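Report on one structure; see the data block that follows.
Protein chains: 2
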Amino acid sequence: MVSMDFGSILIMLVVLIVLARAGSRVFDHFGVPGLIGEIVIGIVIANLVIGDWSLLGTLGISTGDDPSQNYEVVEIFAELGVIFLLFSVGLETKVKDLISVGKAAMLVAVLGVIIPFIAGFALIQVYDGNIHHAMFMGSAMVATSVGITARVIKDMRLMNSRESRIIIGAAVIDDILGMIVLAIVVGMTVSGEMSVSNIFVITAEAVLFVIAILAVALVAVPRIYGYFERRNRERFDRTGESHSGVNKLILAIAVCLGLSWFADMIGLAAIIGAFLGGMLLAEYAWEWKLEEKIEAITTLFISFFFLNVGMQVNLETLTSVPVIALAAAIILLAVISKYLGCSWGAKIGDRSLSKDSRSIIGFGMIPRGEVGIIVASIGLASGAMSSELYAVVVLMAVATTIIAPPLFARAFRKKYPTEYKLTQDDLV
Amino acid sequence: MVSMDFGSILIMLVVLIVLARAGSRVFDHFGVPGLIGEIVIGIVIANLVIGDWSLLGTLGISTGDDPSQNYEVVEIFAELGVIFLLFSVGLETKVKDLISVGKAAMLVAVLGVIIPFIAGFALIQVYDGNIHHAMFMGSAMVATSVGITARVIKDMRLMNSRESRIIIGAAVIDDILGMIVLAIVVGMTVSGEMSVSNIFVITAEAVLFVIAILAVALVAVPRIYGYFERRNRERFDRTGESHSGVNKLILAIAVCLGLSWFADMIGLAAIIGAFLGGMLLAEYAWEWKLEEKIEAITTLFISFFFLNVGMQVNLETLTSVPVIALAAAIILLAVISKYLGCSWGAKIGDRSLSKDSRSIIGFGMIPRGEVGIIVASIGLASGAMSSELYAVVVLMAVATTIIAPPLFARAFRKKYPTEYKLTQDDLV
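Now the structure itself:
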């Protein structure tokens, strides 16, 4: 019990929570979504070096190849934060609502994958002519990180809008497609060949997982619930005890973390499992008072996710003019290609959507967050990507994450002027 | 962001949460406080070895000198769990109520420190005649770990009983006294001399810290609150906006972790800081709905604390007859000396307390938990304690933690037969 310097972890947590909150308040005050403030604070923390002194060092956070214990705590909190965030989004999403937007979500996802891939591939093919580089950049442009968008949707209390449902549904499908693209690219680049059976297995696993969860949510969960409901009623008639014996919050936490693990194990993002887990319990979330409890847990963790996004930015990489120019081009392309792909998908998928709604969907899918960085780091580890391009992908992931929320929030506010109320205090 | 095997951490968390819950339910079913079940599950997890296979290994938890990342997560969750638990106890404790039991709490603490110290010292002096061993054993017998008792009090919803307040107040004072005893023993054993000025500084720091918090709670907090209250009312009159701009939960988390860090830094237990932090906000806990939110966070973490207590037990140390005999004697002495010291202190300190009430207080102070283990590990590291005696202290700490709750719960139930309702489901 005494193997770690817990005091150092405690003070780091306090400093980070207070700084994140301050950043969030300042940005919020100027009408910019507070999470951008948290990301900016993360960038400042990671890059504040005065002579020999650095804020990271003072906080005991060393990142890089041999991260310190304190940085591991930041990473764990960040990951748990986005897992619980997506779980709470799932708690507000009923399966039927998601299925009702299925066709639109599918087209948004497919076009939102194809167009950014082509854009990234083409630009790097022209830039340095290395087909491996080009394929990894294409893959890194594909995956949407729905955590950022989910936070904005939750902040604005617009979980039940049709646009929100299409975005969330498309993000789930997008993640499966992104995984397939990555499998193809890794297969072709690293081993020099593409194993069709391997790709088929990965695809089948992911699709089966999602279908299985949907089926369980629609068929099994109501029956299990009904069984316990009846049993408790019978016991109540017999003994007068109303105590059901199941702690709902612990059940919810176990479902959330269990499905996150399972999704991670089969190669999907953990947050997709968390979202599906929330959806499993969505019918009972209100009755069990799950939402406010999960929100309290999310509050403790979530700022670390946004801080950590910012902490990935190494401002030193921004000193070479060609890298800056390339990064600017990639960022621009990442924003435009995703917006066009997704809003076009929305147009084909659901003719009833207005232009404003298509904009919301297009903007909502822009953030790449950590998913693009993970793709690039696989490329870097396998030698199929240069460290220069890796830095560009990190900048692209962070920049799309910063650019999207204000555009997205503004589009939402335009469409729903009265329902909108973006106050940080309401958040949790 | 990809430096850790997060999948392995997720599945470990799920397995531990589910096992702890199962253990808790089984023990609860047989009328034993559920936390004992969690401790027993911890013992089983740490000792389940079949041939080359061990459950710890499968879960990726290696403890010992070079703990694995997964075990560090368990430790952090355990520590945060007991911190948030004591914070929520503080949230239910108003300063005035605590001061009203001051005299009784002081006497309970003082006699509850002196008598166990003498008992432990005398036994080891007779056993092996080594005065350093004897002094460390005496110190390890002193400190009460209020986490266990706090959980039982919360489970039974008896936070507002006079006995509970005396126990909590005595635990705070006990921790300060324990720290002073440890400073004296370390000074005399390790450096061979005792620095009076050093002890004076430590004592003054601890006492000043507690007094400062009490003063802030009584004087400063109501004024700060009043100021913001007025400002918000004026703004509401002016603009119609009721939004105060301060996220109360984040404020509470920052106060909790900040004071935990500060207490740790000046040499007190972190949980004492957490408790005092909760007390600072006790007057507003209900209005800000803090209790249910902090309880949700506690639920996520707290089982890891009890699991980790159990995981300290190495059943292999229980193979030598002299060690078993010594451990049995120390455990018996630890239970009896604390019970007698504290119930005697309660008798002198508050003549109005009934025999039942004195029993509750005596039993409530028995658990040593992690504090005794920390004392012993300091002794072990400085060479003033043998590894055999260290194993005995660990057994004593775990055994007192297991023995106390049923006795305590039964005494409470006897005194408050109607108010009592011990259901795990109510817990959080």
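Those protein sequences? They're chains A and B, same order as listed.
Using my numbering, the first residue of the first sequence is number -8, and each one after it goes up by one.
Using my numbering, the first residue of the second sequence is number -8, and each one after it goes up by one.
Glycine is no exception: its CB is placed at the ideal position from the N, C-alpha and C atoms.
Everything numeric in this text was worked out from a predicted model, so none of it was measured.
{"Check": "Within 10 angstroms of the Cβ of residue 61 of chain A, are there 16 or more other Cβ atoms? Answer buried if so, exposed if not.", "Outcome": "buried"}
{"Check": "Would you mind telling me which residues of chain E sit closer than 8 Å to residue 255 of chain A, beta carbon to beta carbon, in chain order?", "Outcome": "No chain E is part of this structure, whose protein chains are labelled A and B."}
{"Check": "For residue 12 of chain A, go through chain B and note every residue whose CB falls closer than 8 Å to its CB, in chain order.", "Outcome": "238, 241 and 245"}
{"Check": "Does the beta carbon of residue 407 of chain B sit closer than 9 Å to a beta carbon anywhere in chain A?", "Outcome": "no"}
{"Check": "Closer than 8 Å, Cβ to any Cβ of chain A: which residues of the region 250 to 278 of chain B, in chain order?", "Outcome": "251, 252, 255, 256 and 261"}
{"Check": "Against chain B, with Cβ distances strictly below 9 Å, would residue 116 of chain A count as a contact?", "Outcome": "no"}
{"Check": "Beta-carbon of residue 8 of chain B versus every beta-carbon of chain A: anything under 9 Å?", "Outcome": "yes"}
{"Check": "I'd like to know whether the C-beta atoms of residue 196 of chain B and residue 257 of chain B end up nearer to each other than 9 Å.", "Outcome": "yes"}
{"Check": "Using 10 angstroms around the beta-carbon of residue 419 of chain B, count the other beta-carbons present and answer buried if the total reaches 16, otherwise exposed.", "Outcome": "In this predicted model, residue 419 of chain B has a pLDDT of only 36, less than 50, meaning its place in the structure is not dependable; the value taken from the coordinates is given anyway. Buried, because 16 or more other Cβ atoms sit within 10 Å of the Cβ of residue 419 of chain B."}
{"Check": "Starting from the C-beta of residue -8 of chain B, find all residues in its chain whose C-beta is less than 7 Å away, skip the five residues before and the five after it, and write them out in chain order.", "Outcome": "Only weak support exists for where residue -8 of chain B lies, its pLDDT of 37 falling under 50; the value from the coordinates is given anyway. Correct list: empty, nothing qualifies."}
{"Check": "Would you call the region 314 to 323 of chain B and the region 71 to 89 of chain B touching, i.e. three or more CB-CB distances under 8 Å?", "Outcome": "no"}
{"Check": "Assuming residue 111 of chain B and residue 97 of chain B form a contact by the criterion Cβ under 8 Å, report the distance between their Cβ atoms to the nearest whole angstrom.", "Outcome": "Wrong, their Cβ atoms sit about 22 Å apart, outside the cutoff."}
{"Check": "Please report the residue range of the alpha helix (DSSP H) in which residue 214 of chain A lies.", "Outcome": "212 to 230"}
{"Check": "Going by C-alpha distance, which of B/169, B/278, B/354 and B/303 is nearest residue 397 of chain B?", "Outcome": "B/354"}
{"Check": "I'd like the span of the alpha helix (DSSP H) that includes residue 24 of chain A, first residue to last.", "Outcome": "Segment: none, residue 24 of chain A is in no alpha helix (DSSP H) and carries neither H nor E."}
{"Check": "Curious, which full-length alpha helix (DSSP H) runs of at least 4 residues does the region 320 to 373 of chain B contain?", "Outcome": "346 to 355 and 360 to 372"}
{"Check": "Does any residue of chain A bring its CB to less than 9 Å from the CB of residue 338 of chain B?", "Outcome": "no"}
{"Check": "Which residues of chain B have a Cβ atom closer than 9 Å to the Cβ of residue 248 of chain A, listed in chain order?", "Outcome": "1, 2, 4, 5 and 8"}
{"Check": "Could you please give the first and the last residue of the uninterrupted alpha helix (DSSP H) stretch that includes residue 119 of chain A?", "Outcome": "93 to 119"}
{"Check": "By DSSP, does residue 41 of chain B sit in helix, in strand, or in coil?", "Outcome": "strand"}
{"Check": "Since residue 398 of chain B is in the alpha helix (DSSP H), which residue starts that stretch and which ends it?", "Outcome": "378 to 406"}
{"Check": "What whole-angstrom Cβ distance do residue 394 of chain B and residue 357 of chain B have, given they're in contact under 8 Å?", "Outcome": "7 Å"}
{"Check": "Could you compute how far the alpha carbon of residue 194 of chain B sits from the alpha carbon of residue 160 of chain B?", "Outcome": "17 Å"}
{"Check": "Within its chain, find whatever has a CB closer than 8 Å to the CB of residue 322 of chain B; leave out the 5 residues flanking it on each side and keep chain order.", "Outcome": "386, 387, 390, 391 and 394"}
{"Check": "What's the C-alpha gap between residue 123 of chain B and residue 180 of chain B?", "Outcome": "6 Å"}
{"Check": "Can you list, in chain order, the residues of its chain whose CB lies under 7 Å from that of residue 334 of chain A, leaving out five sequence neighbours each side?", "Outcome": "349, 350, 352 and 353"}
{"Check": "If we cut at 9 Å on Cβ distances, does residue 284 of chain B have a partner in chain A?", "Outcome": "yes"}
{"Check": "Roughly how many whole angstroms lie between the Cα atoms of residue 255 of chain B and residue 42 of chain A?", "Outcome": "30 Å"}
{"Check": "When the Cβ atoms of the region 239 to 246 of chain B are set against those of the region 8 to 20 of chain A, are three or more pairs found closer than 8 Å?", "Outcome": "yes"}
{"Check": "So the candidates are A/238, A/148 and A/52; which of them puts its Cα closest to the Cα of residue 8 of chain B?", "Outcome": "A/238"}
{"Check": "Check whether the Cβ atoms of residue 165 of chain A and residue 140 of chain A sit closer than 9 Å, and answer yes or no.", "Outcome": "no"}
{"Check": "Please compile the residues from chain A whose C-beta is within a distance smaller than 7 Å of the C-beta of residue 215 of chain B.", "Outcome": "In chain order: nothing, as chain A lies at least about 16 Å away."}
{"Check": "What does the Cβ neighbour count give for residue 252 of chain A, buried or exposed, with the cut at 16 atoms within 10 Å?", "Outcome": "buried"}
{"Check": "Please state the DSSP three-state secondary structure of residue 257 of chain B.", "Outcome": "coil"}
{"Check": "Quick check: the Cα distance between residue 127 of chain B and residue 384 of chain B, rounded to an integer number of angstroms?", "Outcome": "10 Å"}
{"Check": "Of the choices B/377, B/406 and B/382, whose alpha-carbon is the least far from that of residue 121 of chain B?", "Outcome": "B/377"}
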